[in-house]
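First up is the structure itself, then whatever we jot down about it.
Residue numbers (the working numbering), protein chains in the order written: chain C, -7 to 408; chain P, 20 to 161.
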């Protein structure tokens, strides 16, 4: 049976890429575009600060000056006067260094480490190593709205607890965690507190002093800096061992020649959001309200985090009866780039540990995906997304997906 | 966003490219996604030819079509656009892809002479057609 042709004049009458020739990047939770300031700092440092900063001669000292400037900037931004800073190659490495390095220096067999169930794999995958080294690892539960259950967490803080690790902002959900309260609970009990602030730096104001944070991880590519540069910020009197060995590991904590151009560009990215903070916060807030209002009008829409406090612009959403993989593919076809949740596990067939911990059903998890906007997104991009979603959702809901042979057909199978 | 469609170019003298194919993402555990980019907009005849490999659904509002072989793959695209994609999730992805390749080759063969280029895996990389010799205009013949 032939499909009848539509009369279409000069162009076809359907959803068309021609209506939006560019692309909309809504995956800022995975990586953000570099700011012009960070790019300029990177290239300039490649030209002028290329020496080994550990060298004692003048060229080396110039490179070292650049690193020290960025260290000072991070201390000021993070309310971490006198903190020790270990620059790393990623947030993952900083997280590994925090948990394994702290345990190696301070933990004894039988002592307890508490980790929240929705930590990044950079923390969760340390659990086996900690257990092999004799740690008792306990998991902090997550509430249905994507926030750590403080009561349950507090119940785990016994006299054997040594370290707590809870992220500041969840990477899949954007929910802001009560790290100030957790930090104070830990400090009262002399337990070290690490927070993975990879998704928080540049988005919310952080003070390690006020929130009683002992260890904080960050990475530059989440706030318009370069990829491949992160840092672990360490309270000055805290003992921590290196997790890799080589030249200068006693003084630098992380052996190897420091990536001065990358560190300089990280500094430029920090300066950029410090200078633009108010504009950024206002822009993100306005875009957040605009998108949420539009999404809320689409039948079957759910914000998985309900009314929990989120960083502006990050949404973990689902539409009843629509497979998220399929929707993401169709959005990508039309130039809109979103992801399931964490880019680090996008290729994994496992269900999201975060959404599972929140208590979503398997079906709800299969329907869930993340929209993460950034400072460089604009309202016309949201308009394109909001224009696409209602027809796509309606169409995909009606067609069978990859695994279930259900669904009402919008037009009967034409051939088979 | 016509990144793949823009890739259509005639890279062989005397031949015009009709379709190109390549991998968008390859994953052993999840979907492997392959694109086909066409020189001309996707018409209903092409979509109908794909219906031989699965069940065809067309949404007349959006123009989105989907060809599904349950638990193996789905093909999707939009009428009038120049790209379609296959999302494959069965373990033997290459045999699924070859089925779709074959349908597309047959579709273009039915329209005229075509030549194909294949990847090392045996999957389709390009379909092209010979450019017909232009008519010679004899100025002043009459």
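Glycine included, every Cβ here is placed at the ideal spot set by N, Cα and C.
Whose C-beta lies closer than 8 angstroms to the C-beta of residue 104 of chain P among residues of the same chain, with five residues either side of it excluded?
For the purposes of this step, residue 104 of chain P is identified with residue 85 of the second chain, where counting begins at 1. 43, 52, 53, 54, 55, 94, 95 and 96, listed in sequence order.
Between the stretch 245 to 252 of chain C and the stretch 277 to 291 of chain C, are three or more C-beta pairs nearer than 8 angstroms?
Because the criterion of three Cβ pairs below 8 angstroms is not met, the stretch 245 to 252 of chain C and the stretch 277 to 291 of chain C do not touch.
Residues of its chain near residue 237 of chain C, where Cβ-Cβ distance is below 7 angstroms and the 5 sequence neighbours each way are ignored:
In the first chain, counting from the first residue as 1, residue 237 of chain C sits at position 245. Shown here for residue 237 of chain C: same chain residues with a beta carbon closer than 7 angstroms to its own, the five before and five after excluded, namely 247 in chain order.
So, using beta-carbon positions, are residue 117 of chain P and residue 142 of chain P closer together than 9 angstroms?
For the purposes of this step, residue 117 of chain P is taken as the residue at position 98 of the second chain. For the purposes of this step, residue 142 of chain P is taken as the residue at position 123 of the second chain. Cβ atoms of residue 117 of chain P and residue 142 of chain P: closer than 9 angstroms.
Using the rule of at least 16 other Cβ atoms within 10 Å of the residue's Cβ for burial, across every protein chain shown, is residue 11 of chain C buried or exposed?
Residue mapping note: residue 11 of chain C aligns to position 19 of the first chain, counting from 1. The residue in question, residue 11 of chain C, is exposed, as its Cβ has fewer than 16 Cβ neighbours within 10 Å.
Any beta-carbon of chain P closer than 9 angstroms to the one on residue 411 of chain C?
There is simply no residue 411 of chain C to check, as chain C begins at -7 and stops at 408 in what is shown.
Taking C-beta pairs closer than 8 angstroms, name the residues in chain P that residue 113 of chain C reaches, listed in chain order.
Taking the first chain and counting its residues from 1, one reaches residue 113 of chain C at position 121. Chain P residues near residue 113 of chain C: none, gap ~15 angstroms exceeds 8 angstroms.
Would you call the stretch 281 to 294 of chain C and the stretch 319 to 331 of chain C in contact, with 3 or more CB pairs under 8 angstroms?
No, the stretch 281 to 294 of chain C is not in contact with the stretch 319 to 331 of chain C.
Runs of 4 residues minimum, wholly inside the stretch 222 to 256 of chain C: which ones carry the alpha helix (DSSP H) assignment?
Counting only runs of 4 or more, we get 241 to 244.
I need the DSSP call for residue 126 of chain C, collapsed to helix, strand or coil.
Along the first chain, one-based indexing puts residue 126 of chain C at 134. DSSP places residue 126 of chain C in coil when its eight states are reduced to three.
8 angstroms Cβ shell around residue 112 of chain C - same chain, five flanking residues per side excluded:
In the first chain, counting from the first residue as 1, residue 112 of chain C sits at position 120. In its chain, beyond the 5 residues on either side, 83, 84, 87, 159, 163, 188, 190, 334 and 336 have a beta carbon closer than 8 angstroms to the beta carbon of residue 112 of chain C.
Counting only the same chain and skipping the five closest in sequence on each side, list residues whose C-beta sits under 6 angstroms from that of residue 259 of chain C.
Taking the first chain and counting its residues from 1, the one referred to as residue 259 of chain C is at position 267. Hits under 6 angstroms: 62 and 65.
Is there a Cβ from chain C that is less than 9 angstroms from the Cβ of residue 94 of chain P?
For the purposes of this step, residue 94 of chain P is taken as residue 75 along the second chain, with counting starting at 1. Taking Cβ atoms only, chain C never reaches closer than 9 angstroms to residue 94 of chain P, which makes this a no.
What is the DSSP secondary structure of residue 44 of chain C, counted as helix, strand or coil?
Indexing the first chain from 1 puts residue 44 of chain C at position 52. Here residue 44 of chain C sits in coil by DSSP.
Alpha carbon to alpha carbon, how far is residue 107 of chain C from residue 351 of chain C?
The sequence position of residue 107 of chain C within the first chain is 115, counting from 1. The sequence position of residue 351 of chain C within the first chain is 359, counting from 1. Looking at the two C-alpha atoms, the distance is approximately 18 angstroms.
How many whole angstroms separate the CB atoms of residue 139 of chain C and residue 167 of chain C, which I take to be in contact at a CB cut-off of 8 angstroms?
Along the first chain, read from residue 1 onward, the residue named residue 139 of chain C stands at position 147. Along the first chain, read from residue 1 onward, the residue named residue 167 of chain C stands at position 175. About 6 angstroms separates the two Cβ atoms, so the contact holds.
Considering only C-alpha positions, which residue in the set P:102, P:130 and P:129 is nearest to residue 83 of chain P?
Numbered from its first residue, the second chain carries residue 83 of chain P at position 64. Nearest of P:102, P:130 and P:129 to residue 83 of chain P, Cα basis: P:102.
Quick one: Cα of residue 235 of chain C to Cα of residue 58 of chain P, how far?
As a first step, residue 235 of chain C is located in the first chain; it is residue number 243 there, counting from the start. As a first step, residue 58 of chain P is located in the second chain; it is residue number 39 there, counting from the start. Between residue 235 of chain C and residue 58 of chain P, the C-alpha separation is close to 54 angstroms.
For residue 304 of chain C, count neighbouring Cβ atoms within 10 angstroms of its own Cβ and tell me buried if that reaches 16, exposed if not.
Numbered from its first residue, the first chain carries residue 304 of chain C at position 312. If you draw a 10 Å sphere on the C-beta of residue 304 of chain C, you find 16 or more other C-beta atoms in it, and that means buried.
List the residues of chain P that residue 358 of chain C touches, going by C-beta distances under 8 angstroms, in chain order.
For the purposes of this step, residue 358 of chain C is taken as the residue at position 366 of the first chain. Those do not exist, as residue 358 of chain C stays about 12 angstroms from chain P at its closest Cβ, beyond 8 angstroms.
Beta-carbon contacts of residue 20 of chain P that lie in its chain and below 6 angstroms, excluding the five residues immediately before and after
Here the question's residue 20 of chain P lines up with position 1 in the second chain. The pLDDT assigned to residue 20 of chain P is 39, lower than 50, so where the model puts this residue is not dependable; a value taken from the coordinates is nonetheless given after this. Non-local C-beta neighbours of residue 20 of chain P in its own chain, meaning closer than 6 angstroms and more than five positions away in sequence, are absent.
Who does residue 42 of chain P pair with in a DSSP beta bridge?
Taking the second chain and counting its residues from 1, one reaches residue 42 of chain P at position 23. Here residue 42 of chain P is bridged, per DSSP, to P:53.
Beta-carbon contacts of residue 359 of chain C that lie in its chain and below 8 angstroms, excluding the five residues immediately before and after
To locate residue 359 of chain C, count along the first chain from 1; it is residue 367. Excluding residues within five positions, the ones whose Cβ falls inside 8 angstroms are 310, 311, 312, 313, 314, 315 and 316.
Can you find at least 3 beta carbon pairs, one from the stretch 140 to 151 of chain C and one from the stretch 89 to 103 of chain C, that sit closer than 8 angstroms?
By the Cβ rule, the stretch 140 to 151 of chain C does not count as touching the stretch 89 to 103 of chain C, because fewer than three pairs are nearer than 8 angstroms.
Name, going along the chain, the residues of the stretch 359 to 386 of chain C whose beta-carbon falls closer than 8 angstroms to a beta-carbon of chain P.
Listed in sequence order: 383, 384 and 386.
Distance between beta carbons of residue 137 of chain C and residue 364 of chain C, contact taken as under 8 angstroms:
Position 372 of the first chain, counted from the start, is the residue given in the question as residue 364 of chain C. Position 145 of the first chain, counted from the start, is the residue given in the question as residue 137 of chain C. Taking a contact as a CB-CB distance under 8 angstroms, the pair residue 364 of chain C and residue 137 of chain C does not count as one, their CB atoms being some 18 angstroms apart.
Mind listing, in chain order, the continuous beta strand (DSSP E) runs of no fewer than 3 residues lying wholly within the stretch 302 to 338 of chain C?
Taken in chain order, the unbroken stretches of beta strand (DSSP E) that lie wholly in the stretch 302 to 338 of chain C and span 3 residues or more are 306 to 311.
Buried or exposed (CB count within 10 angstroms, at least 16 for buried), residue 342 of chain C:
As a position in the first chain, residue 342 of chain C is number 350, starting the count at 1. Exposed, since its Cβ has fewer than 16 Cβ neighbours within 10 Å.
Whole-angstrom C-beta distance between residue 80 of chain C and residue 224 of chain C, which should lie under 8 angstroms
What you label residue 224 of chain C is simply residue 232 of the first chain in a count that begins at 1. What you label residue 80 of chain C is simply residue 88 of the first chain in a count that begins at 1. Residue 224 of chain C to residue 80 of chain C, Cβ: 6 angstroms. Contact.
List the residues of chain C that residue 104 of chain P touches, going by C-beta distances under 7 angstroms, in chain order.
Taking the first residue of the second chain as 1, we reach residue 104 of chain P at position 85. 321 and 325, listed in chain order.
CB contact check: residue 5 of chain C to chain P, cutoff 9 angstroms
As a position in the first chain, residue 5 of chain C is number 13, starting the count at 1. The beta carbon of residue 5 of chain C sits closer than 9 angstroms to some beta carbon of chain P.
Mapping DSSP to helix, strand and coil, what is residue 135 of chain P?
In the second chain, residue 135 of chain P corresponds to position 116, counting from 1. In the structure shown, residue 135 of chain P sits in a strand (DSSP, three-state: E or B).
Note down the Cα distance separating residue 50 of chain C from residue 40 of chain C, rounded to an integer number of angstroms.
Residue numbering aside, residue 50 of chain C sits at position 58 when the first chain is read from its first letter. Residue numbering aside, residue 40 of chain C sits at position 48 when the first chain is read from its first letter. Just so you know, the alpha carbons of residue 50 of chain C and residue 40 of chain C end up roughly 12 angstroms apart.
Close beta carbons around residue 201 of chain C, own chain, < 6 angstroms, minus the five adjacent residues each side:
Counted from its first residue, the first chain places residue 201 of chain C at position 209. Cβ within range, chain order: 71.
Kindly list, in the order they appear in chain P, the residues whose Cβ is closer than 7 angstroms to that of residue 136 of chain C.
Taking the first residue of the first chain as position 1, residue 136 of chain C is located at position 144. Result: empty, since nearest Cβ-Cβ is about 27 angstroms, beyond 7 angstroms.
Expected contact under 8 angstroms - CB spacing of residue 99 of chain P and residue 60 of chain P to nearest Å
Residue mapping note: residue 99 of chain P aligns to position 80 of the second chain, counting from 1. Residue mapping note: residue 60 of chain P aligns to position 41 of the second chain, counting from 1. Confirmed, about 5 angstroms.
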